[in-house]
Each structure stands twice: as structure tokens, then as C-alpha cells.
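Right, one structure below, let's go through it.
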Amino acid sequence: DTEVTQTPKHLVMGMTNKKSLKCEQHMGHRAMYWYKQKAKKPPELMFVYSYEKLSINESVPSRFSPECPNSSLLNLHLHALQPEDSALYLCASSQADRGTGELFFGEGSRLTVL
Amino acid sequence: GQSLEQPSEVTAVEGAIVQINCTYQTSGFYGLSWYQQHDGGAPTFLSYNALDGLEETGRFSSFLSRSDSYGYLLLQELQMKDSASYFCAVRPLNGGYQKVTFGTGTKLQVIP
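Residue numbers (the numbering used here), protein chains in the order written: chain A, 143 to 256; chain B, 68 to 179.
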């Protein structure tokens, strides 16, 4: 199984809502990532969990809150977002510290903030 | 920090060969990777160069020259399905193995 599964595929939320994005992988990868991608732009790193501990936070606003409940799951909790946060949110996983470092991406959650 | 520059758009004819360049300014990295992303899809891994030189994977080849701060992706026998965005990416030596940074991206259009 070389899949990373993200839910939901699409999400529309108001600026006062609280929602969560979910990501799951069963490849035994111990590094999991959240990326944000705007149209016609490269993926932009937000957070990395390594062995279920937050290892990288790229100065992301606190309205985005990541969580890694176990080695297969990654969540991104959203609260009080702004319209400029509308984007494709990509989850990825990889081996934590060796090899080519190939990232396996999910299909993404397309978020619209009204 | 890392800066990886790519041409924004490239157009090539079906059956031809196209080269997508990636020039970078970075203090050091583990290796250079390439990803393909179709519109509306997820990025998928294409190749990885840990060392200088050419790596070949079917119709795709990738090249790295650390001394020239330069790499490229070569696509041969272009097919319409190769129309996509292509990103180079690095894992920097300082900043952590997991801090994967992507280049600016190149949108490739293959025309008949």
C-alpha cells in the first residue's frame, strides 16, 4: 500500500468555523508533512512530524494546529481562518532519515474560506 | 536559506525532447529530487540525484552538477500526458533532513 489518504477532498468554511483535515498512511513512514499550495505555486512546507513529534513548524499562524495521534495519522485543525488561507493542503509522508527521501503525497484537501 | 529557480513555462512538441532546468542557491543539501504534478493532482516523485551526474529512469533522466549549482530534468519521446508542472526539490544539510523545499516550478505544455 503506497497510498496517502486525505479527507475531506473539499472543504468550505466560514471565518468563525472550526474544522479538521485528516491524513493517513500505512507505509510505515515515520515522517509526515503538511504543505500548503496556492494556484500556480510550489508546495510550501508548514509542519513536519518525525517519530510522532513536531520537528518543524515553519512559523505557521496559530490558527493552524497540527496533531499526530499515532504513526499513521496526521491531522490539521483549523480555526478562525482568513480568506487568504484558501488553498490546497497536501499531506505527505516519507522515511524519516534515510534513502532518497521520496515524499508520498495525498491528493490534497481543497479549502475555501469565505 | 534555499532558493531554487526554474523557468515558469516550457512548450514542446509531442515526440521531442525537453530539458527543464533548476538553478539553486543553497548552503548544501542531501540530493536533488524531481516531482511531477498534473493539474488538480498530487505531486509524484520522478527521480533523485544524490551525486553529480546523470540518473536515467525510462524516458526521464535527471542531472546534477553541485559545482555549477545546477540540475535538470530531461524528458524524451514526449507524450501529451507529460503536460504537467515539474518541481525540483532539496533536503538541506542544515535545517533538518525533513525540511524539503521545492523550486519555483515549470509548467510544461506538450503540443501535437
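Each residue gets a CB set at the ideal place from its N, CA and C atoms; glycine is no exception. None of these values were measured; they are calculated from a predicted model.
Where A:P150 meets chain B, residues with beta-carbon distance less than 9 angstroms: Position 8 of the first sequence holds residue 150 of chain A. Within chain B, no residue comes near A:P150; the closest Cβ sits about 15 angstroms away, beyond 9 angstroms.
DSSP three-state assignment for A:M155, whether helix, strand or coil: The residue you call residue 155 of chain A lines up with position 13 of the first sequence. Three-state result, A:M155: strand.
A:E249: contacting residues in chain B (beta-carbon distance under 9 angstroms): Counted from its first residue, the first sequence places residue 249 of chain A at position 107. The answer, in chain order, is G107, G108, A109.
Runs of beta strand (DSSP E) lying entirely within the stretch 191-245 of chain A, each at least 3 residues, in chain order: 195-199, 206-212, 215-221, 229-236, all fully within the stretch 191-245 of chain A.
Where A:K178 sits in the DSSP three-state scheme: Within the first sequence, numbered from 1, the residue matching residue 178 of chain A stands at position 36. In this structure, DSSP gives A:K178 an extended state, which the three-state scheme calls strand.
Per-residue contacts from B:R133 into chain A (C-beta, under 8 angstroms): The residue labelled residue 133 of chain B in the question sits at position 66 within the second sequence. None at all; the shortest Cβ gap to chain A is about 17 angstroms.
C-alpha distance - A:R172 paired with A:L216, whole-angstrom precision: The residue labelled residue 172 of chain A in the question sits at position 30 within the first sequence. The residue labelled residue 216 of chain A in the question sits at position 74 within the first sequence. Roughly 11 angstroms separates the two Cα atoms.
Other residues of its chain near A:S207: CB distance less than 6 angstroms, five sequence neighbours each side excluded: Taking the first residue of the first sequence as 1, we reach residue 207 of chain A at position 65. Answer for A:S207: H219, listed in chain order.
Touching by the beta-carbon criterion (3+ pairs, under 8 angstroms), the stretch 231-247 of chain A and the stretch 137-155 of chain B: Under the Cβ criterion (8 angstroms, minimum of three pairs), the stretch 231-247 of chain A does not count as touching the stretch 137-155 of chain B.
Residue range of the unbroken beta strand (DSSP E) whose run includes B:A109: On the second sequence, position 42 is the one that residue 109 of chain B refers to. Element bounds for B:A109: n/a, residue is neither H nor E.
Start and end residues, beta strand (DSSP E) containing B:K148: Here residue 148 of chain B refers to the residue found at position 81 when the second sequence is read from its first residue. It is not in any beta strand (DSSP E) - B:K148 carries neither H nor E in the DSSP assignment.
Segment limits, beta strand (DSSP E) that includes A:R172: Locating residue 172 of chain A in the first sequence gives position 30, counting from the first residue. Unbroken run through A:R172: none, as it is neither H nor E.
Buried versus exposed, by CB contacts within 10 Å (16 or more), B:S134: Counting from one through the second sequence, the residue named residue 134 of chain B turns up at place 67. B:S134 comes out exposed.
Close Cβ partners of B:T78 (< 7 angstroms) along its chain, the five nearest in sequence each way excluded: Mapped onto the second sequence, residue 78 of chain B falls at position 11. So the list reads Q176, I178, once near-sequence residues are dropped.
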